[in-house]
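Q: Just dropping this structure here.
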Amino acid sequence: MEQKIIQIQNNFLEKIQKAKSLKELDEYFLALFGKTGEITLLPKEFPKLSKEKRKQIGPLFNQTKQKLEKAIQLQRNKVREESYKKLETEKFTLQPQESQGKKRQGHLHPVTKLENEIVELFTKLGFKQYNAPHIDTEGYNFELLNIPQGHPARDLWDTLYIDTSNVKTTPGELLLKTHTSNAQIRIMREFKPPIRMMSIDRCFRYENVDARHEHTLDQFEIVYIDKGVNMANLQYLSEYFFKGILGKDIKARLRPKYYPFVEPGAGVDGLCIFCKGKGCKVCGGVGWLELAGAGMIHPTVLKNGGIDPSIYSGIAWGAGPERMAMLKYGVKDIRSFKNGDLKFLEKF
Ligand code: FA5
């Protein structure tokens with residue numbers, strides 16, 4: 007076992023130190039710490055060891071884990087700094103397009119196009135747009151959504167908090183909104199049921215970015231509240247939504263998922279078009295790409311929004327337009343959408 011740990015360490019340390027891109031480093035991170043990563047799987051073998059051996063191996067394992075994490079972090083910083091330096095020295099020249107005999111024409115970003123389609127689809131059903139602030143209070147982002155301070159569910163969202171120690175008039179802790187669900191309570195307090203609202207906006211997370219996770223991501227949220235709204239409406243709207251945007255052949259599934267602000271809660275997945283459900287790097291080996299979280303709005307949240315849950319019920323969901331764009335346009339890495347590569351954008 008010592009041999010194995012040392013071998014993993016030596017093998018990866020060398021590769022990490024030679025890595026020239028963040029993408030390469032993300033791949034090593036996944037190979038070590040992903041679901042089936044070499045470091046992740048090692049503790050599964052510990053029960054086979056004697057008690058004495060375990061005492062020896064434990065600290066070695068922890069040291070190796072920390073060493074590798076630190077090495078990845080250091081190399082990430084180094085790669086970033088080098089790319090900034092390159093930017094400072096690089097000369098940009100704008101090519102006179104006319105002299106090349108063709109005019110270049112700009113167009114909307116592929117995700118913007120897809121979001122416009124979503125808005126159009128839901129406008130037809132009577133939904134109106136509503137956006138909440140990017141910098142928001144813990145109250146709207148968490149507490150009023152049934153996630154009090156210290157609740158373990160806060161760990162589901164890697165939150166970027168704002169240092170307000172020097173601000174005298176701050177209304178509690180401020181943060182960058184982690185989801186468009188921060189609009190829910192405002193919508194309920196501003197409008198009387200029946201409510202059909204939607205919100206498309208940018209959200210921010212302290213995320214370990216990879217092929218399907220961005221730190222700056224868009225979300226599309228709906229809040230639909232009326233008498234007698236139920237899971238069947240959710241199922242119908244999900245189908246209307248995914249088929250309307252991704253085509254009638256899209257294979258989607260609804261599975262139970264926990265969110266403190268809905269009951270019951272569901273995760274909506276689309277079949278990964280890259281591996282056809284077999285499992286690949288893009289979907290993290292699962293075969294499905296999570297597109298949305300959804301559910302029946304929790305009675306406590308309705309009450310917090312001033313709505314009587316004995317009269318009204320509601321559904322909400324938060325979907326990821328970039329994830330949908332990956333499936334719609336066959337894009338294997340979510341980071342391609344925002345890295346400013348014109349060659350990529352010109353394909354659309
Ligand atoms: C939420 O953010 C909940 N607010 C969704 C919700 C709303 C549930 C209303 C119930 C009722 P989650 O963290 O799972 O849940 O994100 C929702 C969707 O956003 C995901 O399914 C995915 O499509 C997208 N998403 C989440 N994190 C990222 C990320 N880092 N990069 C890109 N897309 C992401």
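All the letters of the sequence shown, read from the start, carry residue numbers 7 to 354 under this note's numbering. We put the CB at the ideal spot given by N, CA and C, even for glycine.
1) In whole angstroms, what is the alpha-carbon distance linking alanine 189 and lysine 50?
2) Runs of 3 residues minimum, wholly inside the stretch 216–270: which ones carry the beta strand (DSSP E) assignment?
3) Output yes or no for whether 9 Å exceeds the beta carbon distance between valine 292 and serine 244.
4) So, with DSSP's three-state summary, where would you put lysine 198?
5) Would you mind reading off the limits of the beta strand (DSSP E) that contains glutamate 121?
6) So, are the CB atoms of valine 279 and glycine 346 less than 9 Å apart?
7) Tell me whether isoleucine 340 counts as near ligand 1, meaning its Cβ is closer than 8 Å to at least one heavy atom of that ligand.
8) Can you find a heavy atom of ligand 1 that lies under 8 Å from the Cβ of cysteine 355?
9) Among Pro327, Asn83 and Tyr136, whose alpha-carbon lies nearest the alpha-carbon of alanine 25?
10) Given that a residue counts as buried once 16 or more other Cβ atoms are within 10 Å of its Cβ, and exposed if not, what is leucine 114?
11) Across which residues does DSSP place aspartate 142 in a beta bridge pair?
12) With respect to 8 Å, is the separation between the Cβ of arginine 218 and the closest non-hydrogen atom of ligand 1 below this value?
13) Starting from leucine 31, trace the alpha helix (DSSP H) in both directions and tell me its first and last residue.
14) Just to confirm the assignment, what range does the alpha helix (DSSP H) spanning alanine 77 have?
15) Name the residue from Val85, Asn16, Gly43 and Gln15 whose alpha carbon lies nearest to the alpha carbon of glutamate 30.
16) With distances taken between CB atoms, is the gap from proline 270 to methionine 302 smaller than 9 Å?
17) According to DSSP, is isoleucine 45 helix, strand or coil?
18) Determine the DSSP secondary structure at aspartate 164, reduced to helix, strand or coil.
19) Taking its Cβ as the centre, do 16 or more other Cβ atoms sit within 10 Å of alanine 138, making it buried, or is it exposed?
20) Go ahead and label threonine 186 buried or exposed: buried means 16 or more other beta carbons lie within 10 angstroms of its beta carbon, across all protein chains shown.
21) Quick check: what's the CA-CA separation for glutamine 69 versus isoleucine 256?
22) Along the chain, where does the alpha helix (DSSP H) containing alanine 322 start, and where does it finish?
23) Do you know offhand how far glycine 253's Cα is from glycine 299's?
A: Reading off the structure:
1) Within the sequence shown, numbered from 1, the residue matching residue 189 stands at position 183. Within the sequence shown, numbered from 1, the residue matching residue 50 stands at position 44. Looking at the two C-alpha atoms, the distance is approximately 42 Å.
2) 222–232 and 258–262
3) As a working mapping, residue 292 is identified with position 286 in the sequence shown. As a working mapping, residue 244 is identified with position 238 in the sequence shown. No, Cβ-Cβ distance for valine 292 and serine 244 is not below 9 Å.
4) Here residue 198 corresponds to residue number 192 of the sequence shown, with the count starting at 1. Coil, per DSSP.
5) Position 115 of the sequence shown, counted from the start, is the residue given in the question as residue 121. Segment 116–129 is the alpha helix (DSSP H) holding glutamate 121; no beta strand (DSSP E) there.
6) Locating residue 279 in the sequence shown gives position 273, counting from the first residue. Locating residue 346 in the sequence shown gives position 340, counting from the first residue. Note on residue identity: the sequence assigns isoleucine, not valine, to residue 279. Result no, Cβ atoms of isoleucine 279 and glycine 346 do not sit closer than 9 Å.
7) To locate residue 340, count along the sequence shown from 1; it is residue 334. Yes - ligand 1 has a heavy atom lying nearer than 8 Å to the Cβ of isoleucine 340.
8) The chain is shown from 7 up to 354; residue 355 falls before or after that span and cannot be answered.
9) Taking the first residue of the sequence shown as position 1, residue 25 is located at position 19. Here the closest residue by C-alpha is Asn83.
10) In the sequence shown, residue 114 corresponds to position 108, counting from 1. By the 10 Å Cβ count, leucine 114 comes out exposed.
11) By 1-based counting over the sequence shown, the position of residue 142 is 136. Answer by DSSP bridge pairing, in chain order: Leu181.
12) Translated into the one-based positions of the sequence shown, residue 218 becomes position 212. At least one heavy atom of ligand 1 is nearer than 8 Å to the Cβ of arginine 218, so yes.
13) Taking the first residue of the sequence shown as 1, we reach residue 31 at position 25. Element bounds for leucine 31: 28–39.
14) Along the sequence shown, one-based indexing puts residue 77 at 71. Where alanine 77 is concerned, the enclosing alpha helix (DSSP H) stretches over 57–95.
15) Mapped onto the sequence shown, residue 30 falls at position 24. Considering only alpha carbons, the answer is Val85.
16) Counting from 1 along the sequence shown, the entry for residue 270 is found at position 264. Counting from 1 along the sequence shown, the entry for residue 302 is found at position 296. Contact: yes.
17) Taking the first residue of the sequence shown as 1, we reach residue 45 at position 39. Note: isoleucine 45 maps to helix in three-state DSSP.
18) Position 158 of the sequence shown, counted from the first residue, corresponds to residue 164. Aspartate 164 falls in the coil class under three-state DSSP.
19) Locating residue 138 in the sequence shown gives position 132, counting from the first residue. Around the beta-carbon of alanine 138, 16 or more other beta-carbon atoms lie within 10 Å, marking it buried.
20) Locating residue 186 in the sequence shown gives position 180, where the first residue counts as 1. The residue is buried, with at least 16 neighbouring Cβ atoms inside 10 Å.
21) Position 63 of the sequence shown, counted from the first residue, corresponds to residue 69. Position 250 of the sequence shown, counted from the first residue, corresponds to residue 256. Their Cα atoms are separated by approximately 46 Å.
22) What you label residue 322 is simply residue 316 of the sequence shown in a count that begins at 1. Taken as a continuous stretch (DSSP letters only), alanine 322 belongs to no alpha helix (DSSP H), being part of the beta strand (DSSP E) at 319–325.
23) Numbered from 1 along the sequence shown, position 247 holds the residue referred to as residue 253. Numbered from 1 along the sequence shown, position 293 holds the residue referred to as residue 299. Approximately 20 Å between the Cα atoms of the pair.
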